[in-house]
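>
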Amino acid sequence: MAVRGQERAILVGLDIKSRSRRAADYVPYGPEESLEELKALADTAGVSVEETIVQSRPAPDAATLIGSGKLDELRSLVESNAADVVLFDSELTPTQQRNLENALHCKILDRTQLILDIFARRARTREGQLQVELAQLNYLLPRLTGRGVEMSRLGGGIGTRGPGETQLETDRRRIHGRIKKLSDELEHVRTGRGTQRHQRQSVPLATIALVGYTNAGKSTLFNRLTGAAVTADARMFATLDPTVRHITLPSRRKVLLSDTVGFIRNLPTTLVKAFRATLEEVIEASLLLHVVDASSPYAPHQTAHVLKVLAEIGADQTRQILVLNKMDQAVEAGQESDSLAQRILGEVPGPVGLEAIAVSARTGTGFEALLAAIDHGLTLDPVAHARFRIPAGEGLPIHLLHERAKVLASHYQDDWCEIEAEAPESVRRQLTRYVVE
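This note's numbering numbers the first residue of the sequence shown as 58 and each following residue consecutively.
1) In chain order, what residues of the same chain have a beta carbon less than 8 angstroms from the beta carbon of Ser308, not counting five sequence neighbours either side?
2) Hey, would you say Ala413 sits closer than 7 angstroms to Glu338, going by beta carbons?
3) Classify Ala426 as buried or exposed, calling it buried when 16 or more other Cβ atoms lie within 10 Å of its own Cβ.
4) Grouping DSSP H, G and I as helix and E and B as strand, with all else coil, what is Pro151?
5) Would you tell me roughly how many angstroms separate the C-alpha atoms of Thr248 and Asp241, rounded to the nearest one?
6) If you follow the alpha helix (DSSP H) that Phe279 is in, where does it begin and where does it stop?
7) Between which two residues does the alpha helix (DSSP H) containing Lys383 stretch?
8) On the CB-based measure, 16 or more other CB atoms within 10 Å of its CB, does Asp471 come out buried or exposed?
9) Are the CB atoms of Ala449 and Tyr469 within a distance shorter than 7 angstroms?
10) Is it true that the CB of Val348 sits closer than 7 angstroms to the CB of Thr360?
11) With a threshold of 16 other CB atoms inside 10 Å of the CB of Glu136, please say whether the residue is buried or exposed.
12) What's the gap between the Cα of Val246 and the Cα of Glu184?
13) Tell me, please, which residues DSSP counts as bridged to His347.
14) Have a look at His362 and Leu453 and give me their C-alpha separation to the nearest angstrom.
15) Could you give the first and the last residue of the continuous alpha helix (DSSP H) run that contains Ser91?
16) Which partner residues does Thr300 have in the DSSP bridge list?
17) Check each candidate in Ile123, Leu134, Val189, Arg178 and name the one with the smallest Cα separation from Arg65.
18) Exposed or buried, what is Asp129 when buried is set at 16 or more other beta-carbons lying within 10 Å of its beta-carbon?
19) Only counting the same chain, and skipping five residues up and downstream in sequence, which positions put a Cβ closer than 6 angstroms to that of Val366?
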């Protein structure tokens, strides 16, 4: 039921029943699951979903996507529900969108446009806003043609011969100019990020990136690990702008943890390109925490999709830890962590030796094992057992060991302090003259 002032929507899915489709082309997403995800996107956009319909066809209709018979049914649903917008789960061609608008007399949006709208609402930083605007313009540019009489106005005047350029040409030129300006600004952002990354890499400080399907609980996990207050809610794409915080591991090593935008099936290529600067945080990370919603019945499919995107952006060779989040909800549903991990790893063609850790970001269960796995998985600034013999009067090296190493034992004898510790290589290198062989 729509609240006052809320837009009413009808969702439309398309189920292609092609006899020629090979088993190798099979995608484990049915129209019902796809529409369920579209409904979650609509909820995130603040739209009230009144009805959903699915059209089964051997191939999409070139004029309307769903065919004339289903279009008549859809028109009746729009009128009976007083719908303001119809959301299509498939990407529409400019011709299809124009024909549907003429037939239904309401706003028509496809999946890509809906995702772009959500991103536009959620972007908070200047970088995020630039990325979203660039994606919107790249989506709009090929759809300028066919918008009717408004695009055929002529623009002659003093100093010109002939009719001048059409409104379509003017709009295209302006959009191309804006895209060039946005691309230059984002390249500047990318350069700045590269400089910051280079400065971070000048000291032995590893970066860990949280990746995963949208709404897998990455931001809640980030807040639990860092003590931050990043926005976390049940709606999709709660986090667009990357956030970086320090955390201290059990070995006393400090690392940087980065929360990034969630992935989704059929994420528009324009968005992937626009968010290149953000996704570079994932590409350059030393370790990826691949967060999976363990309570979702589609967890293996979502995991496979994230692995596919990581391969597309060149991050598939980075070491990963599979974090099975929301285990409190999964256990309530009767699922055990071991069997769930085996099911996901058995169905997903992921990296060899992928380790799975079951946690609950809401309750904190499993975090000790997760931190230990992170500690073990980082190769930068490796930890090793060492013994140090330091003059008792030298407080600085003793303080350094207690601050940046895991002290196992210490005792004072005469004028010396002997310390046994698990120390990172950077600390051992600083205190070389105190190391006891």
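The beta-carbon is built from N, C-alpha and C at its ideal position, and this holds for glycine as well.
If we stick to the structure as given:
1) The residue labelled residue 308 in the question sits at position 251 within the sequence shown. So the qualifying residues of the chain are Asp432, Val440, Ala462, Lys463, Glu479, Pro481.
2) The residue you call residue 413 lines up with position 356 of the sequence shown. The residue you call residue 338 lines up with position 281 of the sequence shown. Cβ atoms of Ala413 and Glu338: not closer than 7 angstroms.
3) For this step, residue 426 is matched to residue 369 along the sequence shown. Exposed, because fewer than 16 other Cβ atoms sit within 10 Å of the Cβ of Ala426.
4) Start at 1 with the first residue of the sequence shown, and residue 151 comes out as number 94. In the structure shown, the three-state DSSP call for Pro151 is helix.
5) Mapped onto the sequence shown, residue 248 falls at position 191. Mapped onto the sequence shown, residue 241 falls at position 184. Rounded to the nearest angstrom, the two C-alpha atoms are 10 angstroms apart.
6) The count along the sequence shown starts at 1 and reaches residue 279 at position 222. That run of the alpha helix (DSSP H) goes 275–283.
7) By 1-based counting over the sequence shown, the position of residue 383 is 326. No alpha helix (DSSP H) holds Lys383; DSSP gives it neither H nor E.
8) Walking along the sequence shown from the start, residue 471 turns up at place 414. The residue in question, Asp471, is exposed, as its Cβ has fewer than 16 Cβ neighbours within 10 Å.
9) What you label residue 469 is simply residue 412 of the sequence shown in a count that begins at 1. What you label residue 449 is simply residue 392 of the sequence shown in a count that begins at 1. When the beta-carbon positions are compared, Tyr469 and Ala449 come within less than 7 angstroms of each other.
10) As a position in the sequence shown, residue 360 is number 303, starting the count at 1. As a position in the sequence shown, residue 348 is number 291, starting the count at 1. Contact: no.
11) Mapped onto the sequence shown, residue 136 falls at position 79. Glu136 comes out exposed.
12) As a working mapping, residue 246 is identified with position 189 in the sequence shown. As a working mapping, residue 184 is identified with position 127 in the sequence shown. If you draw a straight line from the Cα of Val246 to the Cα of Glu184, it comes to about 7 angstroms.
13) Stepping through the sequence shown from its first residue, residue 347 is reached at position 290. The bridge partners DSSP lists for His347 are Val268, Leu379.
14) Looking up residue 362 in the sequence shown gives position 305. Looking up residue 453 in the sequence shown gives position 396. Taking C-alpha positions only, His362 is separated from Leu453 by approximately 50 angstroms.
15) What you label residue 91 is simply residue 34 of the sequence shown in a count that begins at 1. Taken as a continuous stretch (DSSP letters only), the alpha helix (DSSP H) holding Ser91 covers 88–101.
16) Stepping through the sequence shown from its first residue, residue 300 is reached at position 243. Looking at the DSSP output, Thr300 bridges to Asp316.
17) As a working mapping, residue 65 is identified with position 8 in the sequence shown. The residue with the shortest Cα to Cα distance from Arg65 is Leu134.
18) Within the sequence shown, residue 129 is the residue found at index 72, counting from 1. The residue is exposed, with fewer than 16 neighbouring Cβ atoms inside 10 Å.
19) Locating residue 366 in the sequence shown gives position 309, counting from the first residue. Here Val366 has Phe320 as same chain residues with Cβ atoms under 6 angstroms from its own Cβ, once five neighbours each way along the sequence are excluded.
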